[in-house]
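Below is one structure; the comments refer to it alone.
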Amino acid sequence: MLGDKVLTEDRISLAYWFPILDSTGVLVPKTEWWHTNADFWPWADGQESKSASAFMRGLKQRLKKWEYPVFLRTGHTSAKHSWKDSCYIANENRLGRCVFGLVEFSLMQIFDLPLSTWVIREFLDLDVRFNAFWGDMPIATERRYFIEGGRVICSHPYWPAEAFERTHSKPEDWAARLYGMNAIEAPPSLQADSEHVSAHFDG
264 MLGDKVLTED RISLAYWFPI LDSTGVLVPK TEWWHTNADF WPWADGQESK
314 SASAFMRGLK QRLKKWEYPV FLRTGHTSAK HSWKDSCYIA NENRLGRCVF
364 GLVEFSLMQI FDLPLSTWVI REFLDLDVRF NAFWGDMPIA TERRYFIEGG
414 RVICSHPYWP AEAFERTHSK PEDWAARLYG MNAIEAPPSL QADSEHVSAH
464 FDG
């Protein structure tokens, strides 16, 4: 993990949970996170922000150490459904649009999401079965594990069919592709890893 030291008790933020996860020894994508005091609110009004401009210059400098594409997010969200206009940075030419997409999404929430932590992550090539939603987001196999008392009590595919029923941005055979993807049997190692990781978190 690469990261500037940030003290936080905000357990939703990646700045809190990722260092703990990384210390467990499970495989994680290369990740760099840092803290900023940049003021992004002027962007919402179409105004300049010197601190946000300085943030952008710093981000471009950080990305010189990375190979595109990369995955970009804040400590609290990736706005993943907007994909190509938020978290997926195909090349430097897309950087400004995607940063603005993350800022816009964060500020539009009922309780605006913090923009004080930013994260660059290694982009992983996954077994994508189809693309969906307004951002042409790739849909790949994922699972949720629910743990109580240090033990996995159940696990489910991350993507239920209901998640795609309202969007028009999906292939005609999406249901068949989703069924095939969700029918894949999860290796036992995922349950073992889940229980191992849970032992490092309280609550």
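According to our numbering, the residues represented by the sequence shown are 264 to 466, in order.
Glycine included, every Cβ here is placed at the ideal spot set by N, Cα and C.
The structure presented is a predicted model; accordingly, all values stated were derived computationally and were not measured.
**Asked** To the nearest angstrom, how far is it from the Cα of Met371 to the Cα of Arg414?
**Response** Against the sequence shown, residue 371 aligns to sequence position 108. Against the sequence shown, residue 414 aligns to sequence position 151. So the two alpha carbons sit approximately 37 Å from each other.
**Message:** Can you check which of these residues, Leu453, Pro451 and Pro423, is closest to Arg440 by C-alpha distance?
**Reply:** On the sequence shown, residue 440 is found 177 positions in, with the first residue counted as 1. The shortest Cα separation from Arg440 among Leu453, Pro451 and Pro423 belongs to Pro423.
**Asked** Around the Cβ of Thr337, are there at least 16 other Cβ atoms within 10 angstroms (buried) or fewer (exposed)?
**Response** One-based indexing of the sequence shown puts residue 337 at position 74. Thr337 is buried by the Cβ-count criterion.
**Prompt:** Going by the CB atoms, is the gap between Lys293 and Glu405 shorter than 8 Å?
**Reply:** Within the sequence shown, the letter at position 142 stands for residue 405. Within the sequence shown, the letter at position 30 stands for residue 293. In this structure, Lys293 does not lie closer than 8 Å to Glu405 by Cβ.
**Message:** By the DSSP assignment, the beta strand (DSSP E) with His419 in it spans what residues?
**Reply:** Working through the sequence shown from its first residue, we reach residue 419 at position 156. Counting along the chain, the beta strand (DSSP E) containing His419 begins and ends at Arg414 to Pro420.
**Request:** Taking Lys323 as the reference, give the member of Glu311, Asn354, Ser312 and Ser349 with the closest Cα.
**Result:** Residue mapping note: residue 323 aligns to position 60 of the sequence shown, counting from 1. For Lys323, the nearest C-alpha among the options comes from Asn354.
**Request:** Could you tell me the distance, in whole angstroms, from the CA atom of Ala426 to the CA atom of Gly443?
**Result:** Within the sequence shown, numbered from 1, the residue matching residue 426 stands at position 163. Within the sequence shown, numbered from 1, the residue matching residue 443 stands at position 180. One alpha carbon belongs to Ala426, the other to Gly443, and they sit about 16 Å apart.
**Request:** Check whether the region 300-312 touches the region 326-336, taking contact to mean three or more Cβ pairs, one atom from each stretch, closer than 8 Å.
**Result:** No: fewer than three Cβ pairs fall under 8 Å.
**Request:** Take every Cβ of the region 395-410, pair it with every Cβ of the region 345-359, and state whether three or more of those distances are shorter than 8 Å.
**Result:** They touch, by the three-pair rule.
**Message:** I'd like to confirm the pairing. Which residues does DSSP put opposite Arg336 in its beta bridges?
**Reply:** Numbered from 1 along the sequence shown, position 73 holds the residue referred to as residue 336. Val382, per the DSSP bridge assignment.
**Message:** Can you tell me where the beta strand (DSSP E) holding Glu295 begins and where it ends?
**Reply:** If you number the sequence shown from 1, residue 295 lands on position 32. Secondary structure note for Glu295: its beta strand (DSSP E) is the uninterrupted segment Thr294 to His298.
**Message:** Distance check for Ala438 and Leu284, CA to CA, integer angstroms please.
**Reply:** Taking the sequence shown and counting its residues from 1, the one referred to as residue 284 is at position 21. Taking the sequence shown and counting its residues from 1, the one referred to as residue 438 is at position 175. CA-to-CA, the gap between Leu284 and Ala438 works out to about 33 Å.
**Asked** Would you call Ser276 buried or exposed, if buried means 16 or more other Cβ atoms sit within 10 Å of its Cβ?
**Response** Translated into the one-based positions of the sequence shown, residue 276 becomes position 13. Classification for Ser276: buried.
**Item:** Candidates Pro401, Ile383 and Val382, of which the one nearest Val391 by Cα
**Value:** Here residue 391 is taken as the residue at index 128 of the sequence shown, counted from 1. A check of alpha carbon separations from Val391 across Pro401, Ile383 and Val382 identifies Pro401 as the nearest.
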